[in-house]
Structure formats: structure tokens, C-alpha cells
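Below is one structure, written out as C-alpha cells, with a few remarks after it.
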Amino acid sequence: MPHRHYLYLTHEGLHWYRMRTGQAALEARFDPDEAGVGAFGRQLHDMPRRSQYTVLVDVADEGFHFELLPSTRGRDRQAMLSRKLSQQFYGSPYTASLSLGREKQGRRDERVLLSALTRPSQLDPWLGALASARVRVRGVHSVPFVLDRAMARARLPVDAYLLVNFTPAGIRQTYFDRGRIRFSRLSGDPGLSFEHRTEQTGEEIRRTLAYLAAQRMTRRGEALPVVGLLSAAQYGAFAELIGRTTDSTASLADIARLRGSYGAPEARGPGSDSLPLLLDVLGSETQCVQIGGETVLRYQRIHQIRKALYLGAVGILGVGAAVAGLAFLESRALAREQTELLALVQSENARYEGLMRRLPPLPAPVKALEKLVDDVDRIEHERIAPLAVFRALSGALDQIPDVSLELLEWNAAAENPDPTSNAVTVFARLALPAAMATDARTQLDTSERFVRELTRVSGQPVRLVRRPVALRSSETLRGREGGTTAAETAPTFEVEFTLSGEARS
Numbered sequence: 002m003p004h005r006h007y008l009y010l011t012h013e014g015l016h017w018y019r020m021r022t023g024q025a026a027l028e029a030r031f032d033p034d035e036a037g038v039g040a041f042g043r044q045l046h047d048m049p050r051r052s053q054y055t056v057l058v059d060v061a062d063e064g065f066h067f068e069l070l071p072s073t074r075g076r077d078r079q080a081m082l083s084r085k086l087s088q089q090f091y092g093s094p095y096t097a098s099l100s101l102g103r104e105k106q107g108r109r110d111e112r113v114l115l116s117a118l119t120r121p122s123q124l125d126p127w128l129g130a131l132a133s134a135r136v137r138v139r140g141v142h143s144v145p146f147v148l149d150r151a152m153a154r155a156r157l158p159v160d161a162y163l164l165v166n167f168t169p170a171g172i173r174q175t176y177f178d179r180g181r182i183r184f185s186r187l188s189g190d191p192g193l194s195f196e197h198r199t200e201q202t203g204e205e206i207r208r209t210l211a212y213l214a215a216q217r218m219t220r221r222g223e224a225l226p227v228v229g230l231l232s233a234a235q236y237g238a239f240a241e242l243i244g245r246t247t248d249s250t251a252s253l254a255d256i257a258r259l260r261g262s263y264g265a266p267e268a269r270g271p272g273s274d275s276l277p278l279l280l281d282v283l284g285s286e287t288q289c290v291q292i293g294g295e296t297v298l299r300y301q302r303i304h305q306i307r308k309a310l311y312l313g314a315v316g317i318l319g320v321g322a323a324v325a326g327l328a329f330l331e332s333r334a335l336a337r338e339q340t341e342l343l344a345l346v347q348s349e350n351a352r353y354e355g356l357m358r359r360l361p362p363l364p365a366p367v368k369a370l371e372k373l374v375d376d377v378d379r380i381e382h383e384r385i386a387p388l389a390v391f392r393a394l395s396g397a398l399d400q401i402p403d404v405s406l407e408l409l410e411w412n413a414a415a416e417n418p419d420p421t422s423n424a425v426t427v428f429a430r431l432a433l434p435a436a437m438a439t440d441a442r443t444q445l446d447t448s449e450r451f452v453r454e455l456t457r458v459s460g461q462p463v464r465l466v467r468r469p470v471a472l473r474s475s476e477t478l479r480g481r482e483g484g485t486t487a488a489e490t491a492p493t494f495e496v497e498f499t500l501s502g503e504a505r506s
């Protein structure tokens, strides 16, 4: 796990802290001059590459401005905030914006607090050394915004109050409205505890209350509650001071309880220094507002991208391993099923062979019997139905109504060499009307027309076996010698054709 280092920056220089067993231990201190910055840079180069750094800025040169902005989102909101910050704090790259919620009436504009560090020269050398060393900087934060996150856990009974806390940089007074920060001010002599600057604390509180009233952040004459971020042992002296120097009421925000909410061990003794609490907040909270310094955050973001890629690769590898494991288990299961099926097939084959051995011998080989059964099934399935024969003849008879059917026979085609073929030979005797008995030409024409029509309907060639008129060499179509009478029987003729499987119904 990478070591976390906290760089506490004031106008007196930079303090290097490292968290050890829940306590902030001072590692080194660097003066705000060229020698101090150089020593700081050399120590950064000697540190392990896995180390992570968080910068906490606690200086008096801060600016705060409250704005009501139209409701926007995405890139439009970011562009509007950037424009407002550049207009309000021109020349400072260390700016931040904090959304305080929306108005409940009217256009529901967004309440935004704009802030900046107004003397960039205080930070530039230190952040430049961090960028030159290419170390992983998790964030650059300002004390007021860290207090905004810490007091969210205090759950005070009031929404508007003046918070007073003590750090190595001096006395910090932060005005909260609706539970969120609106203004902060650092003053007083650095390095002194609450016990050593009681009167100075009272005077600074009076000045801040007067400033808030002059800026119309509070109503004139309003008794704004004053909350001390102290230990319980120091609250009595603080309450007595507030009652003696102001008209406000005093409340306590217990440092030990707030540190306990962040998992810190119990404080070993009373103390007014809130720096350990601020470092606890930076180590736990992920939503602390960044106050500029985008260049110095570059290597931390590169590390995060690299880490995300590594985690993605590990995830893909894990998914691939899981899929491969499932495929292996499935293949093992399929192999077991295959073995069981082969054993079952062998058992059934042995049982079948045993049954076949117990049966009496067949009169012919099994293969020949199977072929014979298949041929019988095919003949039965493809045989010519009588309806096919009737359909062919009826189609021709419908077209030539003078012809009538007297006799119909059909049997297997004698000229077909395949005994399993379904072709049949159809023989039909047809009669003409008795009125045609004396007209030989009409009989011949009608019989030939019937043959042509039957050929068309059946799709098979039709042969005229016997004509209705038996012509001899001594006769002509005008009639036979000696004449005939109308009482003669109706003339008949015979046709023959073959139907195959294509004509079955």
C-alpha cells in the first residue's frame, strides 16, 4: 500500500506530515525561501515512487464571492463557472467553485460560492517542485473547503453560525449559512494555542461579526451563534470568552468526536489544534473541493488511468479464465456422457446380437429381405390409382361427348423390364353414336380426334388399336357395296396407352 504524505502549506513555509498509527507525525519543515524549496525538491526525489501526496493550503490571502447563476448543466455550466472565476479572480490559477444548492422559488437559480487563493506566488514554488519531481499528488485543497466537509458530520442544531478553529497558521473563522460555507478568514499570530491567545481570539471574533454584518451576510444586530472547534476540556473557557466579548451564544464542536467519526484513535489530551482533524478529513473524504493546481495532478491521473487499465486487464483475464474453466468442466461432463452413451450402445448391441442368435434362421439373407420389403413399400406407395385412369379418359370424353366408354381394362406394362415399376397399360373400348353407322368418314374423324385429346390429357402416347371402320381394298369412305341400313349396331373402336407414376393421383 502506498505511503500517504500530507504537505501543510502556510505563509511560514511547508510542513511535511506523515500519518503513523492514526497520528500526524511531522517529518520535516521547509522555510519559504529558495533554499527551503530546493531542500524540499531534493527530498521528493529521494522518496519512493509509490508515495502519494496531498497538499493542504492554510493562508490568509483568500477570496470568496457568492453568485446566483442560471440553471445549466454539462459543458455550458463549466464554461460559465470558468468565466465567472476569471472575472472575479483575474490572474490566479488556484480557483474553485462550490455548489450550495438551488433557490426554492422563482427560476430556481443555483447558489454558487466562488473562491480563489489571491497570491499565487505563495504556492507556485512548492507546486513547481512537486511537478518537477513527477510525484503523485492526490489533490490541492484549501482549509475552508475541508472544514465544509468536516462540519457536515457535526450535526449542529443551527444552520447559520460562525465556526472558530485553531491551526498552526493562526485563528480561522468560517461563516456557515444553511449548513454550508459562505466565508472564511485567517488571522492572528501563528503557532499559539487557544490558551495563549484568548484576548486575541475575542477581538478577532468581534471583527468578523462586524464584517459579516457590514457585508449584509447577517442582519445587523443578529446574535450569530459562535461554534468552537475545540476539545471538551476547553469549551468552558471558550464559552466564557464569547459571553464576555460578544452578544452571541457559544456552542461546541468536539474535535475528539469528529476525529472518531473518521476512525481516528482517541486523543491523548486536550488540544485546540484542528490540523489532525483536517488531515483525517483529507484521508477519508473523496469529495473535497480541489483548488486549482491542475498541472501538479497530472501524474496522479496518469497513475489512475494506468491502474484502471491494469484492473481492466485483470478483469478480462479473470473472465477469460472463468470461461475457460467453465468450458473445461463442460468438456469433462460431455466426455463422461460420451463414455456412458458408448457403454449403453455396446450393451444394446450385445443384447441385439444375443436376440438375433436365438431367432430361427431366415430363408434369405437379411439384406435381401430388407431390399424386398423396401421394393414392396415403394410399389404400394407409387402404384397407379384407378382415379388416374378415370381422370385421363373422362377428360377426353368431356371434350368429345359423342364417344362413350364400353369397356376398360388395365394391367402392368408387359414391355417394362423393371418388375417394381408402377407403369400400367390401359385398354379401352369406346362406342360411337348409332347415327354414325353409315358415315365412315365421321367415324374415323371422331375416333382420331378422341385419340389426340386423350394423348393431350394423359400426357402419354395413345395408340388406336382398332378403328371403327374396317376398310378393305374394294371399299371407299362413301360406303360399302350393297349399302347399309340405319338399324346396324353402334360402331366401336379400341385404344391403348401406358400410364406411369407421373400420372398417379
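At position 438 of the sequence shown (counting the first as 1) the number is 439 in the working numbering, and the numbers step up by one without a gap. Note that the Cβ used here is the ideal one computed from N, Cα and C, for glycine as well.
Under the three-state DSSP convention, the category residue i falls into
i	result
residue 440	coil
residue 171	strand
residue 182	strand
residue 391	helix
residue 227	strand
residue 6	strand
residue 204	helix
residue 125	helix
residue 460	coil
residue 241	helix
residue 113	strand
residue 481	Model confidence at residue 481 stands at a pLDDT of 47, short of 50, so the residue's coordinates are unreliable and nothing is read from them.
residue 217	coil
residue 453	helix
residue 250	coil
residue 371	helix
residue 448	helix
residue 157	coil
CA-to-CA distance, residue j to residue i, given in whole angstroms
i	j	result
residue 466	residue 493	11 angstroms
residue 490	residue 364	58 angstroms
residue 344	residue 352	12 angstroms
residue 482	residue 448	Unreliable positioning characterises residue 482 in this predicted model, as indicated by a pLDDT of 42, which lies under 50. A coordinate reading is not provided.
residue 227	residue 246	12 angstroms
residue 400	residue 375	41 angstroms
residue 250	residue 59	27 angstroms
residue 241	residue 311	58 angstroms
residue 29	residue 37	11 angstroms
residue 277	residue 25	6 angstroms
residue 235	residue 11	25 angstroms
residue 485	residue 403	Note on residue 485: pLDDT 48, under 50, position unreliable in the model; the coordinate value appears next. One C-alpha to the other measures close to 21 angstroms.
residue 92	residue 114	18 angstroms
residue 153	residue 125	31 angstroms
residue 131	residue 48	12 angstroms
residue 183	residue 198	25 angstroms
residue 499	residue 396	16 angstroms
residue 203	residue 187	14 angstroms
residue 458	residue 495	17 angstroms
residue 17	residue 309	29 angstroms
residue 409	residue 461	17 angstroms
residue 81	residue 66	15 angstroms
residue 321	residue 329	12 angstroms
residue 141	residue 279	13 angstroms
residue 63	residue 324	57 angstroms
residue 453	residue 463	8 angstroms
residue 426	residue 450	21 angstroms
residue 163	residue 94	28 angstroms
Counterpart residues of residue i in DSSP-defined beta bridges
i	result
residue 142	57
residue 26	19
residue 426	412, 499
residue 493	432
residue 165	174, 229
residue 255	231
residue 467	495
residue 262	Answer is none; residue 262 lacks a bridge partner.
residue 118	63
residue 137	53
residue 406	431
Run of the alpha helix (DSSP H) containing residue i, from where it starts to where it stops
i	result
residue 81	75–89
residue 38	35–47
residue 345	299–359
residue 69	Counting along the chain, residue 69 falls outside any alpha helix (DSSP H), though it belongs to the beta strand (DSSP E) covering 63–70.
Element boundaries [beta strand (DSSP E), containing residue i]
i	result
residue 18	14–21
residue 285	Run containing residue 285: none in the beta strand (DSSP E); it sits in the alpha helix (DSSP H), 276–285.
residue 100	96–103
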